[in-house]
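Notes to accompany the following structure.
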Amino acid sequence: MKKRFALVSVLASAALIACGGGEPAQTSDSAGSAGAMAAPAAAPPPAMGEMTMPSWFQVDNEARTVSMTITAGSTTENNNWNFNGVTKGAMTITVPEGYTVTVELVNNDPIMAHSLGISTETSSFSGAPEPVPAFPGAITSNPASMMESTMPGQRESIQFTVDQAGNYSMVCYIAGHALTGMWVYFNVSADGSVGVQQ
556 MKKRFALVSV
566 LASAALIACG
576 GGEPAQTSDS
586 AGSAGAMAAP
596 AAAPPPAMGE
606 MTMPSWFQVD
616 NEARTVSMTI
626 TAGSTTENNN
636 WNFNGVTKGA
646 MTITVPEGYT
656 VTVELVNNDP
666 IMAHSLGIST
676 ETSSFSGAPE
686 PVPAFPGAIT
696 SNPASMMEST
706 MPGQRESIQF
716 TVDQAGNYSM
726 VCYIAGHALT
736 GMWVYFNVSA
746 DGSVGVQQ
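If you read the sequence shown in the numbering used here, its first letter stands for residue 556, the second for the next number, and so on.
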């Protein structure tokens, strides 16, 4: 009886090992081939509504500055994983090239840490995007840490100069947040355009 139990245990263990692991963790070497199997959905086009100046967005053309307050979890949209209530690129923030930008991140999410950074990626965010800002200083501290980034009830300000016109995004770098929609478009205009579109 003991031999039969041992044999059944060994066979069951072997079956679990053979079936259980799924695909191996993706490495940077295998990222290209894995992406071909299941391409992520394309990003929505940037918001193209009327350019507005909401109360949380201020411009001083004489001083060449833009200041904005971005609230993470300002609504329950996307499980509080939003910027000013907006997700999945449904808002475009545009600032003029050469301006100094100050962003105050306010975390109103009652339970989750968030971060903010300006990224060169504008679609196909990974589960854990690499926190590399498009401009020096354009990222909050410890952006990928769920324990040391901007915690619930906290604020953090960043300041940076946008020295290259182009299309960027504002993302939360906490693992899974950008992937599930915590990002908006952030454009730098060469023609002086400035404002917010939704």
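Think of the CB as a built atom: it goes at the ideal place given N, C-alpha and C, for glycine as much as any other residue.
Asked                                                                                                              : Found
Backbone secondary structure at Ser585 - three-state DSSP                                                          : Note that Ser585 scores a pLDDT of 36, beneath 50, so its modelled location is shaky; the value from the coordinates is reported in the next line. If DSSP states are grouped into helix, strand and coil, Ser585 belongs with coil.
For Pro707 and Ala720, the rounded distance between their alpha carbons                                            : 33 Å
Nearest to Pro684 (by Cα), restricted to the options Ala730, Arg619 and Val743                                     : Ala730
DSSP-derived helix/strand/coil call for Glu632                                                                     : helix
Proximity below 8 Å, CB of Gln714 to CB of Gly692                                                                  : yes
Pro651, DSSP secondary structure in three states                                                                   : strand
Ala597 in three-state terms, based on DSSP                                                                         : Low confidence applies here, because Ala597 scores a pLDDT of 47, under 50, leaving its location unreliable; read the following figure in that light. DSSP places Ala597 in coil when its eight states are reduced to three.
Element boundaries [beta strand (DSSP E), containing Trp738]                                                       : Trp738 to Ser744
Cα-Cα separation between Ser700 and Asp615, rounded to whole angstroms                                             : 34 Å
Identity of the residue in Trp738, Thr716 and Thr630 nearest Ala618 by Cα                                          : Thr716
Close-in-space but distant-in-sequence residues of the same chain around Glu711 (CB under 6 Å, 5 per side omitted) : Leu660, Thr695 and Thr705
Asn742, buried or exposed, once every other Cβ within 10 Å from all chains shown has been counted against 16       : buried
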